[in-house]
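Each remark here refers to the structure printed beneath this line.
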Amino acid sequence: QQLGLSSAATFTLTLVALGLVASILYAYVQGHRAWMNLRLEWLFRQKAFNGITDKGPDFFNRFRTGDLVTRMTDDVAEKLSWFACSGIFRFYEALLMVTFALAMMISIDPKLTLWTAGPLPLLILIFFKSASVLDKRYDYLQKRISKFNDVIEACFSGVRVVKAYTREKAQKQKFSRAAEERRKAEISAIKVHTIVESLYMYIWQFGIIIVLLAGGYMVINSNLSLGKLIAFIYYVVYMIFPMFDIGQFLVKSRQSTVSIKRLMELEKVKPMVCDNGTKTIKSDIKGDLSLENVTFSFPESNRKIIDNISLDIKAGSTVALVGRVGSGKSWLVNLLPRLADPSGGTIRLDGYDLRQFNLADLRRNIGYVPQEPALFSDTIRNNIIFGRDDITDPIVEWAVEVSQLKDEVATFPDGLDTAIGTRGVAISGGQKQRLALARALAGKPKILILDDCTSALDSRTETALWESLHKVLPDMTAILITHRPDTLEQVDKVYVLDNGSIVESGPHHELMNRGGQYARIYKRYRLKEEIS
173 QQLGLSSAAT FTLTLVALGL VASILYAYVQ GHRAWMNLRL EWLFRQKAFN
223 GITDKGPDFF NRFRTGDLVT RMTDDVAEKL SWFACSGIFR FYEALLMVTF
273 ALAMMISIDP KLTLWTAGPL PLLILIFFKS ASVLDKRYDY LQKRISKFND
323 VIEACFSGVR VVKAYTREKA QKQKFSRAAE ERRKAEISAI KVHTIVESLY
373 MYIWQFGIII VLLAGGYMVI NSNLSLGKLI AFIYYVVYMI FPMFDIGQFL
423 VKSRQSTVSI KRLMELEKVK PMVCDNGTKT IKSDIKGDLS LENVTFSFPE
473 SNRKIIDNIS LDIKAGSTVA LVGRVGSGKS WLVNLLPRLA DPSGGTIRLD
523 GYDLRQFNLA DLRRNIGYVP QEPALFSDTI RNNIIFGRDD ITDPIVEWAV
573 EVSQLKDEVA TFPDGLDTAI GTRGVAISGG QKQRLALARA LAGKPKILIL
623 DDCTSALDSR TETALWESLH KVLPDMTAIL ITHRPDTLEQ VDKVYVLDNG
673 SIVESGPHHE LMNRGGQYAR IYKRYRLKEE IS
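Structure (structure tokens):
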């Protein structure tokens, strides 16, 4: 009796120890699988982000912010990384379990095993028939999610305009419609998903019915023992959950296929600029610019935005580009820091083709202030420095002073360390423009491009800003897009653009004497200034 109790205790302890080991191994596998999921998610997302940041302006015209956010979050995390890690692991686990069960079933009775596999062709047929339907539903769902995110991003980024025009109700209705479309798309996808998975499970039940009928018949006719039939049924039941996992994997694979296509769609857009240059820019760069028969059009488009422009800009000079909206001014200056490359012709800096220079080195020597300042959710100081470690505090303070921001920054609670919120929501439009200008000036560029960057300023502040700028412009080659009369009178040369071509060029007084397009533009803006 004592021996029996000892054996029972040993057996119990062994089971407890094995259970503990199994639990530890299970926890390790699940933890490692989660780590792999997150690692793959990080890799996929980093690759997508790196690719997106290398794209040109045409890419961002095609893909809206909300759509890109969806592709980099939902498509990568919930679909692709799960499929590439957990999904595949579970599939192979299920496949091993099914293989083991089938091997045991074949060893019991090959003929009955063949009968049990009868529903398998039907399952394969359902998978291939439902694949295209699932693809369409999931693709539509991802597009609805993208639109939903885009509505949120557009509303929050323009919240001041929404409130100024009392469009809160309209935005709420727009959001409601986008949310409803997303809900319907999700329900539609879930319906097909559920039906397919249910069919997998339902049809596999026929395998059990076949076993009971055929197996029972074989037992009655003494072709199979009752013990073997019970063992056979056990293995059939054992396969139910692995078969469910395989079915789920096949359905999820359609989701992942859609997400892969959506991510590949981003990769198919070729960058507008290739960084193949090796030449570095030395400190003795002059800043001579020369454009030779430059043309530009978007890929797969025949419309010329810039049409055969040739001009020379001497180092240290200041020139202005003038013209109506859509005449090509902004795209012409976009070519200088190589935000895009010309479709034809050559742009030279100090006699060298821009494409010969290392791209990062070239852009470090060009200060660019676009029409719409791009600010980040950070402090004023960090928006000016923008990751450039060589910019010291004295340089930041100098840039702030030249940009006519010094007095206003002094009134902020934390001065230069004041946070400005997402896209600079905490500061005014004029302050945003001057902050973007201070960022450009802080880099002490050899070439400064100002693309109508004072449009949000009042006349008094704008006058003070230009007076300050004119003191530093002689130290660099400056290209201004402006219609401000006082500034046009002081530049060395004016180029008038129309439909992507230069129609007039020369100093202010010469163009005024000609009485052409420039004279009309100048008089119109002078009159507007006097009225205001």
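Each residue of the sequence shown is one higher than the one before, starting from 173 at the first, in our numbering. Yeah, the Cβ is synthetic: ideal placement off N, Cα and C, and Gly gets one too.
Open item on the list: So the candidates are Glu325, Ile405, Ser428, Phe272; which of them puts its Cα closest to the Cα of Tyr310?
Closed with: Nearest C-alpha to Tyr310: Ser428.
Open item on the list: Could you check whether Phe231 and Val441 sit closer than 7 Å to each other, using their CB atoms as the reference points?
Closed with: Judged by beta-carbon spacing, Phe231 lies within the 7 Å limit of Val441, meaning their Cβ atoms are closer than that value.
- [ ] Count the C-beta pairs between the stretch 538 to 545 and the stretch 624 to 637 that are closer than 8 Å, then say yes if the count reaches three, no if not.
- [x] The stretch 538 to 545 makes contact with the stretch 624 to 637, as at least three CB pairs between them are under 8 Å.
Task: Where Thr649 sits in the DSSP three-state scheme - done: Thr649 falls in the strand class under three-state DSSP.
TODO: Would you give the residue range spanned by the alpha helix (DSSP H) that Ala492 belongs to?
DONE: Bounds of any alpha helix (DSSP H) do not take in Ala492; it lies within the beta strand (DSSP E) bounded by 490 to 494.
Open item on the list: Tell me the residue span of the beta strand (DSSP E) that contains Asn480.
Closed with: 478 to 485 is the span of the beta strand (DSSP E), which, as asked, contains Asn480.
Task: Residue span of the alpha helix (DSSP H) that contains Lys283, given as start and end - done: Per DSSP, the unbroken alpha helix (DSSP H) holding Lys283 starts and ends at 282 to 288.
Task: Minimum length 4: unbroken alpha helix (DSSP H) runs contained in the stretch 210 to 283 - done: Correct list: 229 to 234, 237 to 242, 260 to 280.
- [ ] Over the uninterrupted alpha helix (DSSP H) stretch that includes Phe404, give me the two end residues.
- [x] Taken as a continuous stretch (DSSP letters only), the alpha helix (DSSP H) holding Phe404 covers 398 to 410.
- [ ] Below 6 Å CB to CB, which residues in the same chain sit around Val241 once its five sequence neighbours on both sides are set aside?
- [x] Correct list, in chain order: Asn321.
Open item on the list: Checking 7 Å against the spacing of the C-beta atoms, do Lys458 and Asp522 come in under that value?
Closed with: Lys458 places its beta carbon less than 7 Å from that of Asp522.
- [ ] Would you check if the distance between the CB atom of Ser318 and the CB atom of Asp239 is smaller than 7 Å?
- [x] Yes, Cβ-Cβ distance for Ser318 and Asp239 is below 7 Å.
Task: Contact under 7 Å by Cβ, Asp417 with Ala266 - done: Cβ distance < 7 Å, so Asp417 and Ala266 count as in contact.
TODO: Using the Cα positions of Arg262 and Gln345, report the straight-line distance between them to the nearest angstrom.
DONE: Going by the C-alpha atoms only, they are around 43 Å apart.
Open item on the list: Below 8 Å on the Cβ atoms is my contact criterion, and I expect Ala591 with Ala598 to pass it. Report the Cβ-Cβ distance as a whole number of Å.
Closed with: That pair is a contact at about 7 Å.
Task: Where Asp550 falls: helix, strand or coil (DSSP) - done: Asp550 falls in the coil class under three-state DSSP.
Task: Residues near Glu620 in its chain [Cβ-Cβ closer than 6 Å; skip 5 each side] - done: Glu is not the amino acid found at residue 620; the sequence shown has Leu there. Within the same chain, Leu620 has close Cβ partners Gly539, Met648, Ala650.
TODO: Report the partner residues of Asp525 according to the DSSP bridge assignment.
DONE: Arg520.
TODO: Using the Cα positions of Val364 and Ser673, report the straight-line distance between them to the nearest angstrom.
DONE: Their backbone Cα atoms lie some 56 Å apart in a straight line.
Task: Cβ contact check for the stretch 379 to 396 and the stretch 302 to 316: 3 or more pairs under 8 Å - done: Under the 8 Å Cβ criterion, the stretch 379 to 396 does not count as touching the stretch 302 to 316, having fewer than three qualifying pairs.
TODO: List the DSSP bridge partners of Leu620.
DONE: Note: Leu620 sits in a beta bridge opposite Gly539, Ala650.
Open item on the list: I believe Pro509 touches Leu493 by the beta-carbon criterion, under 8 Å. Please report the beta-carbon distance rounded to the nearest angstrom.
Closed with: Not a contact, Cβ separation roughly 15 Å.
Open item on the list: Count Cβ pairs between the stretch 216 to 225 and the stretch 186 to 197 that sit closer than 8 Å; are there 3 or more?
Closed with: Segments in contact, no.
Task: Outcome for Tyr200 when other beta-carbon atoms lying within 10 angstroms are tallied against a minimum of 16 - done: With fewer than 16 other Cβ atoms within 10 Å, it is exposed.
Task: Simplified DSSP assignment, three categories, for Val598 - done: First, the residue type needs correcting, since residue 598 is Ala and not Val in the sequence shown. Ala598 falls in the coil class under three-state DSSP.
Task: Candidates Arg496, Gly602, Glu702, Leu531, of which the one nearest Gln689 by Cα - done: Among Arg496, Gly602, Glu702, Leu531, the Cα nearest to that of Gln689 is on Arg496.
- [ ] Take every Cβ of the stretch 460 to 477, pair it with every Cβ of the stretch 652 to 662, and state whether three or more of those distances are shorter than 8 Å.
- [x] Taking a cut-off of 8 Å on C-beta distances, the stretch 460 to 477 does not touch the stretch 652 to 662, as fewer than three cross pairs fall below it.
Task: N-terminal and C-terminal residue of the alpha helix (DSSP H) that Ile562 is part of - done: A small fix is needed here, since residue 562 is Asp in this sequence, not Ile. It is not in any alpha helix (DSSP H) - Asp562 carries neither H nor E in the DSSP assignment.
Open item on the list: Checking 7 Å against the spacing of the C-beta atoms, do Leu313 and Ala351 come in under that value?
Closed with: Ala351 sits away from Leu313, with the two beta carbons spaced by 7 Å or more.
- [ ] Consult DSSP for Asn321 and reduce its assignment to one of helix, strand or coil.
- [x] Note: Asn321 maps to helix in three-state DSSP.
Open item on the list: Per DSSP, what are the beta-bridge partners of Lys665 in this structure?
Closed with: As computed with DSSP, Lys665 is found in a beta bridge with Val491.
TODO: Determine the DSSP secondary structure at Asp670, reduced to helix, strand or coil.
DONE: If DSSP states are grouped into helix, strand and coil, Asp670 belongs with the strands.
TODO: Measure the alpha-carbon distance for Leu526 versus Ser502 and round it to whole angstroms.
DONE: Using only the alpha carbons, I get a separation of about 18 Å.
Task: Straight-line Cα distance separating Asn530 from Met436 - done: Met436 and Asn530: Cα-Cα distance of roughly 28 Å.
TODO: Could you say which of Ser469, Glu369, Ile405, Ile477 lies nearest to Lys424 if we only look at CA atoms?
DONE: Considering only alpha carbons, the answer is Glu369.
Task: Gly559 versus Asp479 - alpha carbon distance - done: Spanning the alpha carbons of Gly559 and Asp479 requires a straight line of approximately 36 Å.
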